[in-house]
Amino acid sequence: MAGHSKWANIQHRKGRQDKARSKLFSKLSKDITIAAKLGSPDVDMNPRLRLAVNNAKGQSMPKDNIQRAISKGSAGEGADYDEMRYEGFGPAGIGIIVEVSTDNKNRAAMEVRTAFSKNGGNLGETGTVSFGFDQIGEITYPLAVGDEEAVLEAAMEAGADDVQSDEISEDPDDAPVHTFFMARDQLAVVAGELEKALGEAPKSVNLIWKAQNMIDVPEKAATVIGLVEALEDLDDVQNVYHNLELSEAALTVLAALEA
Numbered sequence: 285m286a287g288h289s290k291w292a293n294i295q296h297r298k299g300r301q302d303k304a305r306s307k308l309f310s311k312l313s314k315d316i317t318i319a320a321k322l323g324s325p326d327v328d329m330n331p332r333l334r335l336a337v338n339n340a341k342g343q344s345m346p347k348d349n350i351q352r353a354i355s356k357g358s359a360g361e362g363a364d365y366d367e368m369r370y371e372g373f374g375p376a377g378i379g380i381i382v383e384v385s386t387d388n389k390n391r392a393a394m395e396v397r398t399a400f401s402k403n404g405g406n407l408g409e410t411g412t413v414s415f416g417f418d419q420i421g422e423i424t425y426p427l428a429v430g431d432e433e434a435v436l437e438a439a440m441e442a443g444a445d446d447v448q449s450d451e452i453s454e455d456p457d458d459a460p461v462h463t464f465f466m467a468r469d470q471l472a473v474v475a476g477e478l479e480k481a482l483g484e485a486p487k488s489v490n491l492i493w494k495a496q497n498m499i500d501v502p503e504k505a506a507t508v509i510g511l512v513e514a515l516e517d518l519d520d521v522q523n524v525y526h527n528l529e530l531s532e533a534a535l536t537v538l539a540a541l542e543a
């Protein structure tokens, strides 16, 4: 999840990776439950639920977990959630957008504000950060779906604006992918066309906040990542986006701290 939650791809601690996966499953379950509660439990009749279920499958979430989340939502169980966005600044003026889904707005606001203040950042007003980001569609596929040439051809045929391919990594936890970008109102159309062209469902389909310009501050990279991690750890937080450039210099600093 360039310039947002993809910072997780360079984590070096197995413990944090396991914790992150547990948090991911919790987030996906919440997405499914909310979608099923707001609409039909039939994925063919509920586009939001279909998207949530496809994302869960793309992350290898067990079928039993998916069905439990659907059943919980369709039965009207669980709390009612409000979806909100917070914006703030990290060290060196790094812009950060935090998406929250919560059953207690006061608790969520307090926890997000505390995470910023304890990790060298400060919470701002809505719009103070997002003006420097674009909300666009993002679709990912595993690298095995095809080489760059085939994927580029599929992107053009599907109407995607851009596609980026990660380098193949020997570390399976890095999960390198092909990432397609498109206008937010074209997300569903492009997702359907890519599935036809590539012959399989995507790993993930999301609306994201993509930074217009990245900021390279290697000396502050560890502090910024610490703030992002603190926000990601909050139960109500669904997504965190930022404009920190993970340059070679920044990655070198982070790797030295992990050594």
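The numbering of the sequence shown is our numbering, which starts it at 285 and goes up by one.
The beta carbon of each residue, even a glycine, is placed where N, CA and C say it ideally should be.
I381 and L528 - do their beta-carbons sit closer together than 8 Å? no
Alpha carbon to alpha carbon, how far is P456 from L427? Model confidence at P456 stands at a pLDDT of 43, short of 50, so the residue's coordinates are unreliable; what they give is reported in the following sentence. Using only the alpha carbons, I get a separation of about 12 Å.
What are the boundary residues of the beta strand (DSSP E) that K494 is part of? 488 to 495
Is the CB of F465 under 8 Å away from at least one CB in chain C? Protein chain content of the structure displayed is limited to a single chain, and chain C is not contained in it.
Could you give the DSSP three-state label for Q351: helix, strand or coil? helix
Closest by C-alpha distance to K356, when choosing among I318, P375, N339, S385: I318
Starting from E437 and walking both ways along the alpha helix (DSSP H), at which residues does that stretch end? 432 to 442
Identify whether Q554 lies in helix, strand or coil by the three-state DSSP scheme. Residue 554 lies beyond the stretch modelled for the chain, which goes from 285 to 543, so this question has no answer here.
Residues sharing a beta bridge with N390, DSSP: The partner list for N390 (beta bridge, DSSP) is empty, contrary to what the question assumes.
Would you be able to state if there are at least three C-beta pairs under 8 Å between the stretch 391 to 410 and the stretch 421 to 436? no
State the start and end residues of the unbroken alpha helix (DSSP H) segment that holds I423. Per DSSP, I423 belongs to no alpha helix (DSSP H); it is in the beta strand (DSSP E), 417 to 426.
Per-residue burial, F464 [other beta carbons within 10 Å of its own, 16 or more giving buried]: buried
With L511 and G374 assumed to form a contact (beta carbons below 8 Å), what rounded beta-carbon distance in angstroms separates them? 5 Å
Tell me the rounded alpha-carbon separation between A385 and D450. First, the residue type needs correcting, since residue 385 is Ser and not Ala in the sequence shown. For S385 and D450, the distance between alpha carbons rounds to 30 Å.
Is the beta carbon of A353 less than 8 Å from the beta carbon of S313? yes
Taking only three categories from DSSP, how would you classify A475? helix
How many Å lie between A340 and D387 at the Cα? 22 Å
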